[in-house]
Amino acid sequence: HVGKKKQDPSRVVPAIVWRRTGAALRSWTVHKRYQQGDLLALLSEDGMEIEILEVLMQVYQQPQQDSFSNFKMPVFAVAIVMVLGYQYVKGKGAFDPGLTEGV
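Letter by letter, the sequence shown follows residues 446 to 548 of the working numbering.
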């Protein structure tokens with residue numbers, strides 16, 4: 446989905462369901478692994494068989510936006526205006542006493 450327009454028909458997310466018939470289960474569990482496929486363990490109803498599956502598909506998670514990203518631009522703009530204002534007043538000077546003496 447990254448880099449595709451919102452109107453692109455290939456962005457439509459299909460509903461995928463896996464179904465598998467087999468022996469009844471007593472229990473199952475998932476073991477998540479970092480940067481690897483998750484493991485799925487199935488225990489048969491009689492407790493005599495354990496089946497371990499690896500889930501290779503990963504869910505795409507959109508990276509979170511920086512909480513200060515909307516705040517940075519106004520802060521930089523105000524800082525630049527303050528620096529330019531300071532340099533104007535300090536150098537050329539709207540409050541320069543020498544400007545009023547010539548009158």
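Using N, Cα and C, we set each Cβ at its ideal position, and we do this for glycine too.
Who are the Cβ neighbours of Thr474 in its own chain at under 7 Å, not counting the five residues just before and after it? Reading the sequence shown from its first residue, position 29 is the one you call residue 474. The residues are Ala486.
Whole angstroms is fine: what's the gap from Phe521's alpha carbon to Leu488's? Numbered from its first residue, the sequence shown carries residue 521 at position 76. Numbered from its first residue, the sequence shown carries residue 488 at position 43. Going from the Cα of Phe521 to the Cα of Leu488 covers about 59 Å.
Val548 (DSSP reduced to helix, strand or coil): Indexing the sequence shown from 1 puts residue 548 at position 103. With a pLDDT of 49 at Val548, under the threshold of 50, the predicted position of this residue should be treated as unreliable, though the coordinate-derived value follows. Here Val548 sits in coil by DSSP.
Ordered list of alpha helix (DSSP H) runs contained in the stretch 466–539, each at least 4 residues: 514–532, all fully within the stretch 466–539.
Between the CA atoms of Leu529 and Val548 - distance to the nearest angstrom: Here residue 548 corresponds to residue number 103 of the sequence shown, with the count starting at 1. Here residue 529 corresponds to residue number 84 of the sequence shown, with the count starting at 1. Any answer about Val548 is weak, because its pLDDT of 49 lies below 50 and its placement is not dependable; what the coordinates show is given next. Answer to the nearest angstrom: the Cα atoms are 28 Å apart.
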